[in-house]
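Q: Below is the structure I would like to discuss, written out as structure tokens.
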Amino acid sequence: MKEAWKEGLRVDRMEKGRRWDDRVILLLTLGCLVGWRTALVATPAAPTVEKVDPPSWWTGSTINPVRLLIQGHNLTGCRAEARGAGLRVVIPQTAHTGHEGQTGLRTSANGDYLFLDVTIDPQAAPGPRSIRITTPGGVTDAQFTIVAPLPRIGRFQGFSPDDFIYELMPDRFSDGDPSNDDPSQSPGMFDRSKPRYYHGGDFQGIINHLSYLKDLGATALWMTPIYANVNHLNERERYDGQAITDYHGYGAVDFYGVEEHFGDLTKLRELVDDAHRLGLTVIQDEVANHTGPYHPWVQDPPTPTWYHGTEAVHPEETWQTWTLIDPHAPPELRRATLDGWFLNILPDLNQDDPEVERYLIQNTLWWIGIAGFDAVREDTLPYVPRRFWHDWMGAIKGEFPRVNVVGEVYDGDPAMTSFFQGGRPRFDGLDSRVDTVFDFPLLYPIRRAFAEGKPLREAATMLAHDYLYPNPGLLVTFIGNHDMPRFMNEPGASLAGLELALTFIMTTRGVPMLYSGDEIAMPGAGDPDNRRDFPGGWPGDPHDAFEAAGRTPDQESALEHLRQIAHLRGELEPLRRGKLVDLAVGDQTYAYARITSGASVVILINNATTDVVFELDSGPVHLAEGTTLTDRLGSAAPLEVRGGKIRTTLPARSAGVYAKN
Ligand SMILES: [Ca+2]
Ligand SMILES: [Ca+2]
Ligand SMILES: [Ca+2]
12 MKEAWKEGLR VDRMEKGRRW DDRVILLLTL GCLVGWRTAL VATPAAPTVE KVDPPSWWTG
72 STINPVRLLI QGHNLTGCRA EARGAGLRVV IPQTAHTGHE GQTGLRTSAN GDYLFLDVTI
132 DPQAAPGPRS IRITTPGGVT DAQFTIVAPL PRIGRFQGFS PDDFIYELMP DRFSDGDPSN
192 DDPSQSPGMF DRSKPRYYHG GDFQGIINHL SYLKDLGATA LWMTPIYANV NHLNERERYD
252 GQAITDYHGY GAVDFYGVEE HFGDLTKLRE LVDDAHRLGL TVIQDEVANH TGPYHPWVQD
312 PPTPTWYHGT EAVHPEETWQ TWTLIDPHAP PELRRATLDG WFLNILPDLN QDDPEVERYL
372 IQNTLWWIGI AGFDAVREDT LPYVPRRFWH DWMGAIKGEF PRVNVVGEVY DGDPAMTSFF
432 QGGRPRFDGL DSRVDTVFDF PLLYPIRRAF AEGKPLREAA TMLAHDYLYP NPGLLVTFIG
492 NHDMPRFMNE PGASLAGLEL ALTFIMTTRG VPMLYSGDEI AMPGAGDPDN RRDFPGGWPG
552 DPHDAFEAAG RTPDQESALE HLRQIAHLRG ELEPLRRGKL VDLAVGDQTY AYARITSGAS
612 VVILINNATT DVVFELDSGP VHLAEGTTLT DRLGSAAPLE VRGGKIRTTL PARSAGVYAK
672 N
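Heads up: the sequence shown begins at 12 in our numbering, then just goes up one per residue.
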């Protein structure tokens, strides 16, 4: 009641203000007529609103009030009132460096940004609302929508070791809607002959092939970012003198927008819903470290400390990530790594500015809550202060307890990567609370052993470092991603080696991830050659690798192997949840088991170019004398426990995955 009374008063004041404005205009007009030309200078310009971030929020959220960042012009000294039931404007409480008008509302010094909190009544009916903004110069409305929360069943599920993640780049997977290949608001950026231009892949193309992913055995989908990218060529980042496009999505110009080359928010939600119907979870790729060089904030930041520096004056990224885990490093030594601009181009956000922190936290929750995502893949994790991740994770878990996060720590040293996995406080007293990271340290021995033919022992000895991680079982294992040459491009790579590498990540601990194209042994050097279009994803493609009939014998062999091992992993619980037990490690041999309370699976890998005899003590596997295990991949001879031993011969470059029938 009290608030309604206040709102009534505000309306009354506003109406008075408007009548006053009308009189000013009349006087000024008269003034002009009699030659008072200087009076025109005093005319306050009318306020305008161009954008409201976030544009919507749901009832019953842990975030209430919601902080709005309203972008427009001439907002200084404004009053604001919500119009429509269930929404109230409240004065933000946190400290802020901007101008504070007599109304208590804070704007940027130039009047282009207004920070506003709105409280959403838990009982509010979904639908559009507006916020009336009044200044001496006039009145305008900012649009905001109250939405109903998405039903939780089948959404916000997180991923687990039960999952197998398929990574794809939306622009390079499949073009399901040629009408968005060359959109009217961003023309001239589509050219399939240019590796750094848009190629036309989109959400519809992914929707069309969800059943392909399901058939492959994938249970989770990670798409590289779908934020809106700049609508013209990127002239700042050039290769061989040529401008590029930001088709990859890691240079957002609007964290609340969807890239129109891929589709719109409605189509994205259709994709997520369709994936959920098939039992696939969806992982959103997010970037909190930086924006694209053309983000409007770069020329007009909402606060003076929005970025680390300006386009003209800023630290350059020095990649000294060791300073971040060094207990002896003072903050000054870490600054260039935490605050630096990647490539000297990508504007580095300042998460120590409370408004930036609030913006980024709400942005993450908004995407999850509006689109129904299940998990987040977070880009460039080390380059953002750990205190931010701690707070950000707390907000995610508070709203969506099962949603989890995998962070990118692009480093081969487990002493580095493990530092960033949450679960325990580190020397700085902070627990990042980030659920997990990618297993880059295991990637390199996998590449060396299975592609180059170097000792497989390196992979086993890398796993010995698992003690460094709070939760090694949730590490995301992989044989390649969109940022490195393809597995098949390594010197010495072969189909047999690829299949062994896939067998290994599907049977060791962790959550296996596959980068689109590796299932058909796609070749490709570094970026951008590692981002070729998936064959068959475009109308008129000469071969359709989505269908068995369109695959070459090598493509079919690799894909069928992956399909078999992925489905076997789904069938045999120990491969997903079992304790990893090392049985024997040789230079080119590795024998291990995955053991649950009820079952064991034994995995033997021979990476040598000759046949090898395995003789193992069966004790650690708890198998009774006379037990027979058969190779569920179907090529090796059965194993029998005799005299407490398992003895078998494996042909060159082969593996067996043995379980009781
Ligand atoms: Ca398209
Ligand atoms: Ca765009
Ligand atoms: Ca940074």
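By construction, the Cβ of each residue, glycine as well, lies at the ideal position given by its N, Cα and C atoms.
For residue 368, which residues of its own chain have a beta-carbon under 7 angstroms away from its beta-carbon, when the five flanking residues on both sides are left out?
A: If we look at residue 368 and ignore the five residues flanking it on each side, its Cβ neighbours are 362, 399 and 402.
Q: Count the other CB atoms within 10 Å of the CB of residue 164; is the residue buried (16 or more) or exposed (fewer)?
A: Classification of residue 164: exposed, given that the 10 Å Cβ count is below 16.
Q: Determine the extent of the alpha helix (DSSP H) in which residue 584 is found, giving its start and end residues.
A: Where residue 584 is concerned, the enclosing alpha helix (DSSP H) stretches over 584–588.
Q: If we count the other Cβ atoms within 10 Å of its Cβ and call it buried at 16 or more, is residue 186 buried or exposed?
A: Under this definition residue 186 is a buried residue.
Q: Roughly how many whole angstroms lie between the Cα atoms of residue 262 and residue 313?
A: Cα to Cα, the separation comes out at about 19 angstroms.
Q: Taking residue 169 as the reference, give the member of 146, 350, 294 and 552 with the closest Cα.
A: For the residues 146, 350, 294 and 552, the minimum Cα distance to residue 169 belongs to 294.
Q: With burial defined as no fewer than 16 other Cβ atoms inside 10 Å of the residue's Cβ, what is the status of residue 182: buried or exposed?
A: Residue 182 should be labelled buried.
Q: Return yes when at least one heavy atom of ligand 2 lies under 7 angstroms from the C-beta of residue 242, else no.
A: True, at least one ligand heavy atom lies under 7 angstroms from that Cβ.
Q: Distance check for residue 447 and residue 582, CA to CA, integer angstroms please.
A: If I take the Cα positions, the gap works out to 25 angstroms.
Q: Please confirm whether any heavy atom of ligand 1 lies closer than 7 angstroms to the CB of residue 192.
A: Answer for residue 192: yes, Cβ within range of ligand 1.
Q: Please classify residue 66: does DSSP put it in a helix, a strand, or coil?
A: DSSP places residue 66 in coil when its eight states are reduced to three.
Q: With burial defined as no fewer than 16 other Cβ atoms inside 10 Å of the residue's Cβ, what is the status of residue 257: buried or exposed?
A: With 16 or more Cβ atoms within 10 Å of its Cβ, residue 257 is classed as buried.
Q: Cβ of residue 452 within 8 angstroms of Cβ of residue 423?
A: Yes, they are a contact pair.
Q: Quick one: using the 10 Å Cβ neighbour count with 16 as the cut-off for buried, is residue 196 buried or exposed?
A: So residue 196 ends up on the exposed side.
Q: If we count the other Cβ atoms within 10 Å of its Cβ and call it buried at 16 or more, is residue 278 buried or exposed?
A: Flag for residue 278 reads buried.
Q: If we call anything under 8 angstroms between Cβ atoms a contact, is residue 236 one with residue 275?
A: Cβ atoms of residue 236 and residue 275: not closer than 8 angstroms.
Q: For a test of the three-state rule: what should DSSP assign to residue 42, helix, strand or coil?
A: With a pLDDT of 37 at residue 42, under the threshold of 50, the modelled position of that residue is not reliable, and no figure is offered here.
Q: Identify every residue that forms a DSSP beta bridge with residue 83.
A: DSSP, once it has assigned bridges, lists 60 as partnering residue 83.
Q: With a cut-off of 8 angstroms on the beta carbons, I'd call residue 360 and residue 406 a contact; round off their distance for me.
A: No, residue 360 and residue 406 are not in contact; Cβ-Cβ is about 17 angstroms, not under 8 angstroms.
Q: Residue 632 to residue 517, Cα distance in whole Å?
A: If I take the Cα positions, the gap works out to 19 angstroms.
Q: Could you tell me whether the Cβ atoms of residue 425 and residue 479 are closer together than 8 angstroms?
A: In contact: residue 425 and residue 479 (Cβ atoms closer than 8 angstroms).
Q: Measure the C-alpha to C-alpha separation of residue 469 and residue 305 and round it to an integer number of angstroms.
A: Going from the Cα of residue 469 to the Cα of residue 305 covers about 44 angstroms.
Q: Once the 5 residues before and after residue 48 are set aside, which same chain residues still bring their CB inside 6 angstroms of it?
A: Low confidence applies here, because residue 48 scores a pLDDT of 48, under 50, leaving its location unreliable and the question unanswered by this model.
Q: So residue 467 and residue 490 are supposed to be a Cβ contact under 8 angstroms. How far apart are they, rounded?
A: Between residue 490 and residue 467 the Cβ distance is about 14 angstroms, and since that is not below 8 angstroms, they are no contact.
Q: So, at 8 angstroms on beta carbons, what are the nonlocal neighbours of residue 410 in its own chain, with the 5 sequence-adjacent residues on each side left out?
A: Same-chain partners within the cutoff: 72, 73, 74, 376, 379 and 380.
Q: Tell me whether residue 188, by its Cβ, gets closer than 7 angstroms to a heavy atom of ligand 1.
A: Yes, Cβ of residue 188 sits closer than 7 angstroms to a heavy atom of ligand 1.
Q: Taking buried to mean at least 16 other C-beta atoms within 10 Å of its own C-beta, is residue 432 buried or exposed?
A: It is buried - the Cβ of residue 432 has at least 16 other Cβ atoms within 10 Å.
Q: Shortest alpha-carbon distance to residue 397 belongs to which of 357, 348, 302 and 506?
A: Ranking the options by Cα distance to residue 397, first place goes to 348.
Q: For residue 172, collect the residues of the same chain with a Cβ closer than 8 angstroms to its Cβ; drop the 5 residues on either side in sequence, then sort them by chain order.
A: If we look at residue 172 and ignore the five residues flanking it on each side, its Cβ neighbours are 484, 485, 520, 521, 522, 587 and 588.
Q: Return yes when the Cβ of residue 308 is within less than 8 angstroms of the Cβ of residue 328, no when it is not.
A: Cβ atoms of residue 328 and residue 308: not closer than 8 angstroms.
Q: Determine the extent of the beta strand (DSSP E) in which residue 232 is found, giving its start and end residues.
A: From DSSP, the beta strand (DSSP E) with residue 232 extends over 231–234.
Q: Any contact between the region 244–251 and the region 502–510? By contact I mean 3 or more CB pairs, one from each, below 8 angstroms.
A: These segments do not touch.
Q: If you draw a straight line from the C-alpha of residue 157 to the C-alpha of residue 213, how long is it?
A: Distance between the alpha carbons of residue 157 and residue 213: 28 angstroms.
Q: What residue from 245, 623, 613 and 630 has the CA that sits closest to residue 642's CA?
A: Of 245, 623, 613 and 630, the residue nearest in Cα terms is 613.
Q: So, is residue 139 buried or exposed, given that buried needs 16 or more other C-beta atoms within 10 angstroms?
A: It counts as exposed.
Q: Helix, strand or coil for residue 604? Go by DSSP, reduced to three states.
A: DSSP places residue 604 in strand when its eight states are reduced to three.
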